[in-house]
């Protein structure tokens, strides 16, 4: 295995390219390198939109204040654009900025994470968990070694303690668990095909809509060897 | 990741037709023990002691060097000081020996010099293609072919369907004693030692393909060749050979350098757990659970429960409640009695049920006599809610009085396909001078009925049995689809 020093963080566009090739659904959006371009993209996908600065050096976008949700108008968008670029530069003056991602605002859903990491013994391992504090604080995750079967994918989802949140409880609707299974199977295929290339991957978050409404990757990070 | 090693044929290691023992002697744990065990247990192949200082060892002609042996040698067991091992290996290569077991310690597990020696052994294995088990191994035993290549194995082994492979030599010997005490029959015992060449995964693959082995138990510190391990696990599932592992080392791997959330979230033991779960491998947490799980699978691997429902017939109300609590904790399913079962039981006056019974059913001593037990258990056998039955006893497990109950249980177990096991809480050491095999608990052990003495490890074992059965059914279905 190569040392981490040789690894490379893929750009947003490169990551999206790979994910699309495997049919993994991604929230609509594109990278803007100017406010004008951002407006153009927003007009194409429709308001409200989400803005976020894309930089290999900035992993936690909320911490760096480079994320804006629910931007509703063109003037808002231009203001927010400048604001988050400034924030990014303040947060890390040496951060390379790929651009600002203008993305559709997904209104409703449960956040999950699907990832790949490399175990010294077993090679690529697929991870699943609920997003936010569930993975970061509670470490409520499940793992499998690819290739996984549909049964494995189902078990991965059922295994986490937060499964009830996906099932829907106290009147909340059931999430589109089928769509999550589909993403897991596609990620499994990707990890097998690209096992000599992909070192780590985060699809975090994926927003899972209510039953039959699908799941979409909202942020992705791929590390290659 | 390391390259995939091809699975080799380990026949010469495990089923040699001729064995040289380099360093055989009249005394010493291994120098005397291995030869003595080959002779004592009736090894059918040829044995060649090699010891330059003796003409005869334990009644057999001794050779000065391995090269002096006129006939072919399949396997050489090396028990000489570490400084001589490489020289002996070279002689083995010249002689055309196919496989070697290096008992000698003081290699990778020891000092710098030892580590260098082990490197050279590994290099030798790659070059010569000789199969090497060890160094620093306690040896191995192939029970069906009377090949006992370890220092001590007594009383005489019982051939059976369980193989135990261990990365700890001392534990191999210890577990043998426990398995033997409980009449658990064995096919193979293997200590892999420092794994300079042959590794645990290869042994498991061999055992999955071995016709006598139905249950594989392993003590694991770490795996070297995960690809062979994963393939062996898949094949074991297909063949219906459960793998039970006791794995140590729950330390977290250094995840500090990870560049993603995913990379920093987990340690290597969690990955082992996931792999075990994914492949239907049964992970146990301690020796008691290992023994009870091995026992339950060994005896019930050909009559796996068809569902999850556990029915318990208890001699004691207190034990019945305790069992109910433990089942709840472990997630074991105790269905209520059907109306029909209830009706049949409450009309038996001997049970003193006073009109009502639950599961676990407290049928008192009156319901567990040799005369009553067949009548009491019949409704449970007929009741489709129950896929596995437990008889819970609390009277002394020794003495004449309960011998008939024990014999009756053995008979009942033969008449049904529904798996039945016994949990016996009570005295187990008989009066001095009494016939051990006539004791009730021994009647069950010898009769092939799984009998347990520890409630919790027994119920964990039964849970493993139920979970494994369910997992395998799902696995077979899904592998048909894809």
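Protein chains in written order, with our numbering: chain A, 204 to 428; chain B, 28 to 509.
Think of the CB as a built atom: it goes at the ideal place given N, C-alpha and C, for glycine as much as any other residue.
Everything numeric in this text was worked out from a predicted model, so none of it was measured.
Min CB distance residue i to chain A below 8 angstroms
{"i": "residue 305 of chain B", "result": "yes"}
{"i": "residue 295 of chain B", "result": "yes"}
{"i": "residue 225 of chain B", "result": "no"}
{"i": "residue 383 of chain B", "result": "no"}
{"i": "residue 245 of chain B", "result": "no"}
{"i": "residue 505 of chain B", "result": "yes"}
{"i": "residue 301 of chain B", "result": "yes"}
{"i": "residue 250 of chain B", "result": "yes"}
{"i": "residue 402 of chain B", "result": "no"}
{"i": "residue 253 of chain B", "result": "yes"}
{"i": "residue 298 of chain B", "result": "yes"}
{"i": "residue 501 of chain B", "result": "yes"}
Contact with chain B by residue i, beta-carbon distance below 8 angstroms
{"i": "residue 347 of chain A", "result": "yes"}
{"i": "residue 385 of chain A", "result": "no"}
{"i": "residue 337 of chain A", "result": "no"}
{"i": "residue 411 of chain A", "result": "no"}
{"i": "residue 355 of chain A", "result": "yes"}
{"i": "residue 299 of chain A", "result": "no"}
{"i": "residue 328 of chain A", "result": "yes"}
{"i": "residue 352 of chain A", "result": "yes"}
{"i": "residue 289 of chain A", "result": "no"}
Environment of residue i [buried if 16+ CB atoms lie within 10 Å]
{"i": "residue 275 of chain B", "result": "exposed"}
{"i": "residue 220 of chain A", "result": "exposed"}
{"i": "residue 504 of chain B", "result": "exposed"}
{"i": "residue 171 of chain A", "result": "Because residue 171 of chain A is not part of the residues shown, which for chain A are 204 to 428, the question remains open."}
{"i": "residue 319 of chain A", "result": "buried"}
{"i": "residue 352 of chain B", "result": "exposed"}
{"i": "residue 330 of chain A", "result": "buried"}
{"i": "residue 426 of chain A", "result": "buried"}
{"i": "residue 321 of chain A", "result": "buried"}
{"i": "residue 201 of chain B", "result": "exposed"}
{"i": "residue 75 of chain B", "result": "buried"}
{"i": "residue 240 of chain B", "result": "buried"}
{"i": "residue 446 of chain B", "result": "buried"}
{"i": "residue 121 of chain B", "result": "exposed"}
{"i": "residue 276 of chain A", "result": "exposed"}
{"i": "residue 393 of chain A", "result": "buried"}
{"i": "residue 64 of chain B", "result": "buried"}
{"i": "residue 281 of chain B", "result": "Below a pLDDT of 50, predicted positions are generally treated as unreliable, and residue 281 of chain B, at 41, falls in that range; the measurement from the model is reported next regardless. Answer is exposed; the Cβ neighbour count stays below 16."}
DSSP bridge partner residues for residue i (one or two, in chain order)
{"i": "residue 392 of chain B", "result": "Answer is none; residue 392 of chain B lacks a bridge partner."}
{"i": "residue 404 of chain A", "result": "A/319, A/425"}
{"i": "residue 306 of chain A", "result": "A/232, A/253"}
{"i": "residue 47 of chain B", "result": "B/75, B/103"}
{"i": "residue 417 of chain B", "result": "B/339, B/448"}
{"i": "residue 313 of chain A", "result": "A/411"}
{"i": "residue 245 of chain B", "result": "B/192, B/272"}
{"i": "residue 186 of chain B", "result": "B/213"}
{"i": "residue 90 of chain B", "result": "B/77"}
{"i": "residue 168 of chain B", "result": "B/175, B/216"}
Nearest to residue i (by Cα), restricted to the options the options
{"i": "residue 98 of chain B", "options": "B/60, B/44, B/66", "result": "B/44"}
{"i": "residue 391 of chain A", "options": "A/366, A/317, A/344, A/273", "result": "A/317"}
{"i": "residue 73 of chain B", "options": "B/210, B/42, B/159", "result": "B/42"}
{"i": "residue 419 of chain A", "options": "A/339, A/223, A/211", "result": "A/223"}
{"i": "residue 470 of chain B", "options": "B/211, B/243, B/432", "result": "B/432"}
{"i": "residue 413 of chain A", "options": "A/213, A/272, A/312", "result": "A/312"}
{"i": "residue 396 of chain A", "options": "A/381, A/407, A/349", "result": "A/349"}
{"i": "residue 69 of chain B", "options": "B/111, B/389, B/183", "result": "B/183"}
{"i": "residue 227 of chain B", "options": "B/460, B/35, B/421", "result": "B/35"}
{"i": "residue 125 of chain B", "options": "B/149, B/105, B/159, B/111", "result": "B/159"}
{"i": "residue 379 of chain A", "options": "A/401, A/416, A/280, A/308", "result": "A/416"}
{"i": "residue 291 of chain A", "options": "A/259, A/307, A/314, A/310", "result": "A/259"}
{"i": "residue 152 of chain B", "options": "B/127, B/133, B/104, B/261", "result": "B/127"}
{"i": "residue 315 of chain A", "options": "A/296, A/342, A/256", "result": "A/342"}
Contact with chain D by residue i, beta-carbon distance below 8 angstroms
{"i": "residue 209 of chain A", "result": "Chain labels in this structure do not include chain D; the protein chains are A and B."}
Residue i CB to nearest heavy atom of the ligand COA below 7 angstroms
{"i": "residue 69 of chain B", "result": "Only the bare structure without any ligand can be found here, which leaves the ligand COA out of the picture."}
Checklist entry - Which residues, in chain order, does the region 257-276 of chain B contribute to contact with chain A at a C-beta distance below 9 angstroms? => result 257
Checklist entry - Between the region 297-326 of chain A and chain B, which residues of the former have CB atoms less than 9 angstroms from a CB of the latter, in chain order? => result 316, 317, 318, 319, 320, 321, 322, 323, 324, 325, 326
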